[in-house]
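K.L.:
In terms of our numbering, the sequence shown has 43 at position 19, counting the first letter as 1, and numbering is strictly consecutive.
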Amino acid sequence: MSATGRLLSLDLQNEDLKMSDHPPNQPSPYAAAPEAGGSGSKSGGGFVLIIGLVVGVVFMLVACGGLAGALLLPAVSNARLAAQQMSERNNMRMVGLALHNYHSAHKQLPCAVATDVDGRVISTWRMALVPFLKGGVPVPARPAPVAAPVPLRPIGGVSTTETNVFAILSPNGMFSSTPNARVRFSDVSDGLRWTVMAIKLPNRSAEWSSTKNMTPDEAFGAIQSIKKPEAAFWLMGDGAVSRIALPLDRKTFDAFITRGGGEPRQ
25 MSATGRLLSL DLQNEDLKMS DHPPNQPSPY AAAPEAGGSG SKSGGGFVLI
75 IGLVVGVVFM LVACGGLAGA LLLPAVSNAR LAAQQMSERN NMRMVGLALH
125 NYHSAHKQLP CAVATDVDGR VISTWRMALV PFLKGGVPVP ARPAPVAAPV
175 PLRPIGGVST TETNVFAILS PNGMFSSTPN ARVRFSDVSD GLRWTVMAIK
225 LPNRSAEWSS TKNMTPDEAF GAIQSIKKPE AAFWLMGDGA VSRIALPLDR
275 KTFDAFITRG GGEPRQ
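1) Taking the alpha helix (DSSP H) that Phe277 falls in, what are its first and last residues?
2) Let me check understanding here. Comparing Cα to Cα, which of Met84, Trp258, Arg150 lies closest to Leu216?
3) Does the beta-carbon of Thr219 have 16 or more other beta-carbons within 10 angstroms, so that it is buried, or is it exposed?
4) Can you tell me the Cα-Cα spacing of Ala106 and Gln132, whole angstroms?
5) What does DSSP give as the partner residues of Phe244 in its beta bridges?
6) In this structure, how does DSSP classify Val119 when only helix, strand and coil are distinguished?
7) Could you give the C-beta distance for Phe190 and Gly261, rounded to a whole number, given that I count them as a contact under 8 angstroms?
8) Measure the beta-carbon distance from Ala205 to Ile223 and round it to whole angstroms, keeping in mind my assumption that it falls under 8 angstroms.
9) Does the count of Cβ pairs from the region 150-158 and the region 120-132 closer than 8 angstroms reach three?
10) Could you tell me if Phe83 is buried or exposed, where buried requires 16 or more neighbouring beta carbons within 10 angstroms of its beta carbon?
11) With DSSP run on the structure shown, which of helix, strand or coil describes Arg144?
12) According to DSSP, Glu186 sits in a beta bridge with which residue or residues?
13) Give the C-beta separation of Ser233 and Thr148 to the nearest angstrom, bearing in mind that I take them to be a contact with Cβ-Cβ under 8 angstroms.
14) What distance in whole Å lies between the Cβ atoms of Gly284 and Ser213, which are believed to be in contact at a cut-off of 8 angstroms?
15) Which of the three DSSP states is assigned to Ala107 in this structure?
16) Compute the beta-carbon to beta-carbon distance between Ala255 and Gln109, rounded to the nearest angstrom, for a pair I have assumed lies under 8 angstroms.
17) Would Gly76 be called buried (16 or more neighbouring beta carbons within 10 Å of its own) or exposed?
18) So, with DSSP's three-state summary, where would you put Arg267?
Now the structure itself:
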């Protein structure tokens with residue numbers, strides 16, 4: 025073998041010795057470097073993308089639910105208010121029917137306040153209606169003084185003993201301010217359709233058995249202080265119930281509460 029061949033053989037042997045001396049657990053300096061962005065990086069990026077999508081969907085659902093609730097809340101409130109006012113109208117109709125049934129039985133309306141010969145209060149117009157009210161309980165023929173509440177089914181009130189239905193007491197009204205005064209439907213020259221028997225006020229209340237009613241000034245003042253969405257109702261002499269249109273002027277109010285004022289009707 026020539027000298028040149030020997031030198032080439034020695035060089036190859038030296039290279040083999042260098043490669044064999046490299047530790048097995050460490051990457052060889054002669055190995056190719058891995059490409060950037062391998063499978064591990066790709067899988068990590070996909071997981072982050074999925075998490076972002078899930079969070080976005082949840083956020084959208086929460087936002088849509090809140091928007092739907094905000095849109096439905098006024099509708100629910102309006103429906104609840106309408107149902108409450110319908111119930112109040114029905115309660116007033118029950119009172120009107122009881123007044124007409126009382127008049128049919130006694131040929132007069134109940135006295136606003138009834139007293140005995142000594143001037144002691146023995147009954148009120150509300151107490152006199154108890155036997156004629158659906159769900160009411162009869163009272164004794166000579167009831168005890170009316171200071172003690174009588175357990176009754178709610179009729180236009182907020183509990184079993186309270187009410188917000190009032191008579192408007194006046195000398196020329198359906199209920200006189202004079203104790204034991206008698207008023208008949210035939211005394212109503214203005215017409216039952218145009219004359220108020222009672223009023224329902226959302227901002228006033230009294231015990232059903234009490235003598236508390238309203239003077240014209242008190243009733244008009246209570247009507248003027250009503251705030252929306254509260255509503256007050258008339259109970260007319262013919263038993264019809266209507267919501268009081270606001271604002272209400274005093275002249276119209278006075279015409280409605282008198283039974284023989286002779287006011288022109290529209």
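Note that the Cβ used here is the ideal one computed from N, Cα and C, for glycine as well.
The structure displayed is predicted, hence computed values, not measured ones.
P.N.:
Taking the coordinates as given:
1) Looking at the DSSP string, the run of the alpha helix (DSSP H) that includes Phe277 is 274-281.
2) Looking at the Cα atoms, Trp258 is the closest of the given residues.
3) Looking at its Cβ environment, which holds 16 or more other Cβ atoms inside 10 Å, Thr219 is buried.
4) Rounded to the nearest whole angstrom, the CA to CA distance from Ala106 to Gln132 is 35 angstroms.
5) Phe244 pairs with nothing; no bridge assigned.
6) In this structure, Val119 counts as helix in the three-state DSSP scheme.
7) Wrong, their Cβ atoms sit about 16 angstroms apart, outside the cutoff.
8) Contact check for Ala205 and Ile223: beta-carbon distance about 19 angstroms, past the 8 angstroms limit, so the pair fails to qualify.
9) With the cut-off at 8 angstroms, the region 150-158 and the region 120-132 touch.
10) In the assembly as shown, Phe83 is an exposed residue. Its beta-carbon has fewer than 16 other beta-carbons within 10 Å.
11) Of the three classes helix, strand and coil, the one that applies to Arg144 here is coil, per DSSP.
12) Assignment of beta-bridge partners to Glu186 by DSSP yields Glu231.
13) Confirmed, about 7 angstroms.
14) Right, their Cβ atoms sit about 4 angstroms apart.
15) Residue state, collapsed to three classes: helix.
16) Taking 8 angstroms as the upper bound for CB-CB distance, Ala255 and Gln109 are in contact here, some 6 angstroms apart.
17) Gly76 is classed as exposed because its beta carbon has fewer than 16 other beta carbons within 10 Å across all chains shown.
18) DSSP, reduced to helix, strand and coil, places Arg267 within a strand of the structure shown.
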